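Okay, structure first, notes after.
Number of protein chains: 2
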Amino acid sequence: MEKQTITIYDVAREANVSMATVSRVVNGNPNVKPTTRKKVLEVIDRLDYRPNAVARGLASKKTTTVGVIIPDVTNLYFSSLARGIDDIASMYKYNIILANSDQNDPKEVQVLNTLLAKQVDGIIYMGHKITDELRAEFSRSKTPVVLAGTVDPDEQVGSVNIDYESATEQSVTNLIAAGNERVAFVSGSRMEPINGIYRLNGYKAALEKAHIPFDESLVFEADYSFISGEAIYEKVEEAGATAAFVGDDELAVGLMNGALDRGVQVPEEFEIFTANNSKLTEMVRPKLSTITQPLYDIGAVAMRLLTKLMNKEETDEKTIVLPYNIANRGTTKGE
Amino acid sequence: MEKQTITIYDVAREANVSMATVSRVVNGNPNVKPTTRKKVLEVIDRLDYRPNAVARGLASKKTTTVGVIIPDVTNLYFSSLARGIDDIASMYKYNIILANSDQNDPKEVQVLNTLLAKQVDGIIYMGHKITDELRAEFSRSKTPVVLAGTVDPDEQVGSVNIDYESATEQSVTNLIAAGNERVAFVSGSRMEPINGIYRLNGYKAALEKAHIPFDESLVFEADYSFISGEAIYEKVEEAGATAAFVGDDELAVGLMNGALDRGVQVPEEFEIFTANNSKLTEMVRPKLSTITQPLYDIGAVAMRLLTKLMNKEETDEKTIVLPYNIANRGTTKGE
DNA sequence: AGGATAAATGCAAGCGTTTTATTTAAGTTT
DNA sequence: AAACTTAAATAAAACGCTTGCATTTATCCT
Chain A
1 MEKQTITIYD VAREANVSMA TVSRVVNGNP NVKPTTRKKV LEVIDRLDYR
51 PNAVARGLAS KKTTTVGVII PDVTNLYFSS LARGIDDIAS MYKYNIILAN
101 SDQNDPKEVQ VLNTLLAKQV DGIIYMGHKI TDELRAEFSR SKTPVVLAGT
151 VDPDEQVGSV NIDYESATEQ SVTNLIAAGN ERVAFVSGSR MEPINGIYRL
201 NGYKAALEKA HIPFDESLVF EADYSFISGE AIYEKVEEAG ATAAFVGDDE
251 LAVGLMNGAL DRGVQVPEEF EIFTANNSKL TEMVRPKLST ITQPLYDIGA
301 VAMRLLTKLM NKEETDEKTI VLPYNIANRG TTKGE
Chain B
1 MEKQTITIYD VAREANVSMA TVSRVVNGNP NVKPTTRKKV LEVIDRLDYR
51 PNAVARGLAS KKTTTVGVII PDVTNLYFSS LARGIDDIAS MYKYNIILAN
101 SDQNDPKEVQ VLNTLLAKQV DGIIYMGHKI TDELRAEFSR SKTPVVLAGT
151 VDPDEQVGSV NIDYESATEQ SVTNLIAAGN ERVAFVSGSR MEPINGIYRL
201 NGYKAALEKA HIPFDESLVF EADYSFISGE AIYEKVEEAG ATAAFVGDDE
251 LAVGLMNGAL DRGVQVPEEF EIFTANNSKL TEMVRPKLST ITQPLYDIGA
301 VAMRLLTKLM NKEETDEKTI VLPYNIANRG TTKGE
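Sequence order for the protein chains is A and B.
If you use UniProt numbering, the first sequence corresponds to residues 1 to 335, in order.
If you use UniProt numbering, the second sequence corresponds to residues 1 to 335, in order.
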């Protein structure tokens with residue numbers, strides 16, 4: 001009455017060949033005479049044989065599975081990347097083990113370890129900050145790792161990103177050009193390199209070019225949630241900002257709603273530039289002006305890069321920087 | 001130079017015990033003397049031994065991995081469910097293989113087959129419609145299946161949902177009570193049971209109680225995208241509707257924007273009730289009035305149910321219906 | 001035809017665990 | 001102290017497949 005699986009051995013017996021031959025036809029090995037191949041295929045079909053991927057994995061030391069560490073699937077920025085990852089993965093016959101990390105350091109390390117225990121062939125990491133411990137685990141294991149939408153100043157593993165610094169500089173420059181002298185910088189924690197280093201540097205560079213002194217009181221740190229954005233608007237306003245560059249779309253939506261709910265007109269009285277180009281930016285009114293990151297592509301390219309690393313193919317460059325653009329939509333006055 | 005993994009055998013040798021004993025301490029089997037346990041644990045730690053989950057899976061016929069089929073991670077409704085699923089899964093030491101199906105029938109069957117080939121211990125399916133072929137695969141395999149946010153009229157597998165029919169009836173009744181005589185019904189394909197059967201029946205029931213005849217021209221089918229919603233508003237307006245019940249939040253956002261972009265006031269001139277309570281409903285302005293489904297919980301409960309099925313525990317009921325509520329927010333006039 | 005080369009197939013040793021049946025050690029009981 | 005129980009540990013057989021090597025069979029030359 002138990003799930004009596006039929007194995008490669010059953011197929012071999014029924015087809016009067018050896019297991020090795022069945023294995024060969026299953027794996028598309030060319031060293032099989034067409035007539036035997038046909039015979040085996042028929043038996044496979046008749047018995048409805050389905051190769052056991054676990055046994056395969058043990059014997060071949062390949063699981064055709066990659067681990068994907070994501071802060072939160074519910075965040076449109078990351079889920080868009082994840083979508084690109086999964087599409088390319090399935091194109092290359094890989095499956096994805098998806099694990100939410102909640103940007104919780106110990107949990108990340110633990111998740112990484114269970115992924116490695118499951119013998120994934122590669123790992124794609126999305127996150128905000130790579131702790132030393134995590135970095136150590138990355139380099140200790142021989143499993144290839146690619147960062148997607150995530151930078152690590154210590155460029156040891158592969159990564160796919162855009163140039164956050166120049167994109168930010170350009171956005172802020174736009175804001176300044178529209179007459180805003182006090183532009184707020186709103187992002188997640190400054191401990192995260194993308195915020196604390198790249199974006200902030202871009203922001204400062206834009207100020208500098210406009211001969212505006214950097215004012216620490218215009219820099220705000222918040223959670224990546226619209227709730228947090230709504231709450232922070234008041235402080236931004238109090239700081240005298242007339243515009244804001246925001247490092248996350250959901251946060252930007254919150255900030256905008258904070259303004260709107262107080263009767264502040266956007267963009268007439270307050271301009272907003274956001275950074276991620278998730279579909280959220282086009283779902284709210286006014287539509288958010290944004291840096292147009294190719295989210296899906298970042299995931300897709302990251303996965304493609306990972307396939308190369310897993311195959312030990314030569315790769316020109318492990319640190320990939322994709323192009324971006326700027327879209328002035330409804331939250332900026334610029335013509 | 002190769003990744004020379006250290007195996008259970010190495011640990012056994014170093015600790016002067018048999019593999020079996022090492023296996024026992026790794027698996028927390030009580031039949032091992034405290035002193036030996038300690039000794040083994042030390043060696044494990046010193047050698048930095050990490051059990052190979054693939055070998056484990058082969059030997060034990062359990063992979064502690066469940067397959068999750070999702071139409072699109074990028075859809076907030078489903079990703080919210082997925083979040084609940086993953087949290088409970090990791091609580092029970094399971095990992096999730098996430099596969100996007102794009103509601104593409106052949107792809108779904110293929111995805112299911114590769115999940116089964118990978119010997120997942122269970123499957124959670126999210127989707128819109130279960131084809132006969134898929135249903136056949138479900139019942140053919142002995143692997144437990146639970147549907148999350150997905151109904152199958154033929155209740156053979158476990159499922160977790162809310163009562164879509166009465167929730168819809170209640171929402172539409174609200175709309176009618178507010179004075180709307182022509183309420184549009186906007187959803188995804190009517191081929192999908194949730195739309196074509198449950199919600200539509202709820203809609204009809206509400207009309208009937210108000211003695212309003214059902215008018216086929218007020219029923220609209222659309223894709224689950226805000227683009228599609230924007231496009232359809234015009235038709236809804238032409239049909240003379242002054243309000244709409246919408247089966248998907250992103251679609252509802254689109255519909256609302258279609259109205260807003262034409263200068264139609266919401267809710268003053270057009271009221272909207274949506275169905276999923278994703279965070280989208282609170283991110284747009286006005287906030288969408290909605291059926292408040294416990295999205296996270298649906299996923300969580302589904303995963304919990306699956307763990308019971310995987311352990312062959314007795315379960316009172318495989319078809320779980322969770323409570324919902326109604327939230328009148330900014331897109332309805334009713335107090 | 002006969003030897004040589006290439007193409008197909010088979011054999012069997014792993015892959016790293018779990019698990020069952022056994023053996024050995026350690027207590028208890030009388 | 002012999003006879004029994006119970007607890008701990010071991011040995012070895014799976015688990016279902018891949019793969020290097022050996023072997024057989026077919027094909028090609030001269």
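Think of the CB as a built atom: it goes at the ideal place given N, C-alpha and C, for glycine as much as any other residue.
It should be emphasised that the depicted structure is a prediction, and the values quoted were computed from it without experimental measurement.
Chain B contact for residue 356 of chain A (CB, 7 Å cutoff): The question about residue 356 of chain A has no answer, for chain A in this structure spans 1 to 335.
Endpoints, beta strand (DSSP E) assigned at Val219 of chain A: For the purposes of this step, residue 219 of chain A is identified with residue 219 of the first sequence, where counting begins at 1. DSSP places Val219 of chain A in the uninterrupted beta strand (DSSP E) bounded by Val219 to Glu221.
Lys160 of chain B in three-state terms, based on DSSP: Here residue 160 of chain B is taken as the residue at index 160 of the second sequence, counted from 1. The sequence as given places Val at residue 160 of chain B; Lys does not occur at that position. Secondary structure at Val160 of chain B: strand, using DSSP grouped into helix, strand and coil.
Contact with chain B by Gly57 of chain A, beta-carbon distance below 7 Å: As a position in the first sequence, residue 57 of chain A is number 57, starting the count at 1. Yes, Gly57 of chain A counts as interfacial toward chain B.
Any 3 or more C-beta pairs closer than 8 Å across the region 266-274 of chain A and the region 174-182 of chain A: yes
Reduced DSSP secondary structure (H/G/I, E/B, other) of Ile88 of chain A: Taking the first sequence and counting its residues from 1, the one referred to as residue 88 of chain A is at position 88. Residue state, collapsed to three classes: helix.
Inter-residue Cα distance where the pair is Ser90 of chain A and Tyr296 of chain A: Numbered from its first residue, the first sequence carries residue 90 of chain A at position 90. Numbered from its first residue, the first sequence carries residue 296 of chain A at position 296. Rounded to the nearest angstrom, the two C-alpha atoms are 15 Å apart.
Close beta carbons around Asn325 of chain A, own chain, < 6 Å, minus the five adjacent residues each side: The residue given as residue 325 of chain A occupies position 325 in the first sequence. The residues are Thr292.
Classification of Met191 of chain A by the beta-carbon crowding that lies within 10 angstroms, buried from 16 upward: Taking the first residue of the first sequence as 1, we reach residue 191 of chain A at position 191. Under this definition Met191 of chain A is an exposed residue.
Rounded C-alpha distance that separates Ala99 of chain B from Gly67 of chain B: Residue 99 of chain B sits at position 99 when you count from the first residue of the second sequence. Residue 67 of chain B sits at position 67 when you count from the first residue of the second sequence. So the two alpha carbons sit approximately 8 Å from each other.
Closest by C-alpha distance to Glu250 of chain A, when choosing among B:Thr64, B:Glu282 and B:Gly254: By one-based count along the first sequence, residue 250 of chain A stands at place 250. Of the listed residues, the one whose Cα sits closest to Glu250 of chain A is B:Glu282.
Presumed contact (8 Å Cβ cut-off) between Ala302 of chain A and Val146 of chain A, rounded CB distance: Position 302 of the first sequence holds residue 302 of chain A. Position 146 of the first sequence holds residue 146 of chain A. Between Ala302 of chain A and Val146 of chain A a beta carbon distance of about 5 Å is seen, short of the 8 Å cut, so the two are scored as contacting.
Assigned exposure category for Arg46 of chain A - 16 Cβ within 10 Å defines buried: Within the first sequence, numbered from 1, the residue matching residue 46 of chain A stands at position 46. Arg46 of chain A comes out exposed.
Start and end residues, beta strand (DSSP E) containing Ala148 of chain B: Here residue 148 of chain B refers to the residue found at position 148 when the second sequence is read from its first residue. Run containing Ala148 of chain B: Val145 to Ala148, per the beta strand (DSSP E) assignment.
CB contact below 7 Å: Ala89 of chain B versus chain A: For the purposes of this step, residue 89 of chain B is identified with residue 89 of the second sequence, where counting begins at 1. With 7 Å as the cut-off, Ala89 of chain B does not count as an interface residue toward chain A.
Anticipated Cβ contact below 8 Å, Val151 of chain B with Pro106 of chain B, distance rounded: Working through the second sequence from its first residue, we reach residue 151 of chain B at position 151. Working through the second sequence from its first residue, we reach residue 106 of chain B at position 106. Wrong, their Cβ atoms sit about 22 Å apart, outside the cutoff.
Own chain residues within Cβ distance below 7 Å of Val26 of chain A, not counting five before or after: Reading the first sequence from its first residue, position 26 is the one you call residue 26 of chain A. Correct list, in chain order: Pro51.
Interface partners of Ile97 of chain A on chain B, CB under 8 Å: Within the first sequence, the letter at position 97 stands for residue 97 of chain A. Under the 8 Å cutoff, chain B gives Thr65, Asn95, Ile96, Ile97 and Leu98.
Interface partners of Phe138 of chain A on chain B, CB under 8 Å: The residue you call residue 138 of chain A lines up with position 138 of the first sequence. Simply none; closest approach about 14 Å.
Within chain B, the residues that Ile51 of chain A reaches when beta carbons sit closer than 9 Å: Here residue 51 of chain A refers to the residue found at position 51 of the first sequence. It is worth fixing the name first, because residue 51 of chain A is Pro in this sequence and not Ile. Chain B residues near Pro51 of chain A: Ala117.
Any chain A beta carbon closer than 7 Å to Met283 of chain B: Taking the second sequence and counting its residues from 1, the one referred to as residue 283 of chain B is at position 283. Answer yes: the Cβ-Cβ gap between Met283 of chain B and chain A drops below 7 Å somewhere.
Cβ shell of Gly229 of chain A (< 8 Å), same chain only, five flanking positions each side left out: In the first sequence, residue 229 of chain A corresponds to position 229, counting from 1. Spatial neighbours of Gly229 of chain A in its own chain (CB-CB distance under 8 Å, excluding positions within 5 residues in sequence) are listed in chain order as Val186, Ala222, Val246, Glu250, Leu251, Ala252, Val253, Gly254, Leu255, Met256, Asn257 and Gly258.
Contact set between Asn113 of chain A and chain B, taken where Cβ atoms lie within less than 8 Å: Taking the first residue of the first sequence as 1, we reach residue 113 of chain A at position 113. Ordered by position in chain B, the residues that pass the 8 Å Cβ test against Asn113 of chain A are Arg50.
Chain A within 7 Å of Met1 of chain B, Cβ atoms only: Mapped onto the second sequence, residue 1 of chain B falls at position 1. Caution applies to Met1 of chain B, whose pLDDT of 34 falls short of 50 and renders its modelled position unreliable; the value that the coordinates give is listed next. At a cut-off of 7 Å between C-beta atoms, Met1 of chain B does not count as an interface residue with respect to chain A.
Amino acids of chain A, ordered along the chain, whose beta-carbon sits closer than 9 Å to that of Phe226 of chain B: Here the question's residue 226 of chain B lines up with position 226 in the second sequence. For Phe226 of chain B, the chain A residues whose Cβ falls inside 9 Å of its Cβ are Lys279, Glu282 and Met283, in order along the chain.
Any chain B beta carbon closer than 7 Å to Thr74 of chain A: Position 74 of the first sequence, counting from 1, holds the residue named residue 74 of chain A. At least one CB of chain B lies nearer than 7 Å to the CB of Thr74 of chain A.
Proximal residues of chain B, C-beta to C-beta of Arg83 of chain A below 9 Å: Here residue 83 of chain A corresponds to residue number 83 of the first sequence, with the count starting at 1. What Arg83 of chain A touches in chain B: Asp72, Val73, Thr74 and Asn100.
Nearest-angstrom Cα separation, counted from Leu322 of chain B out to Ser166 of chain B: Along the second sequence, one-based indexing puts residue 166 of chain B at 166. Along the second sequence, one-based indexing puts residue 322 of chain B at 322. Computed Cα separation, rounded: 12 Å.
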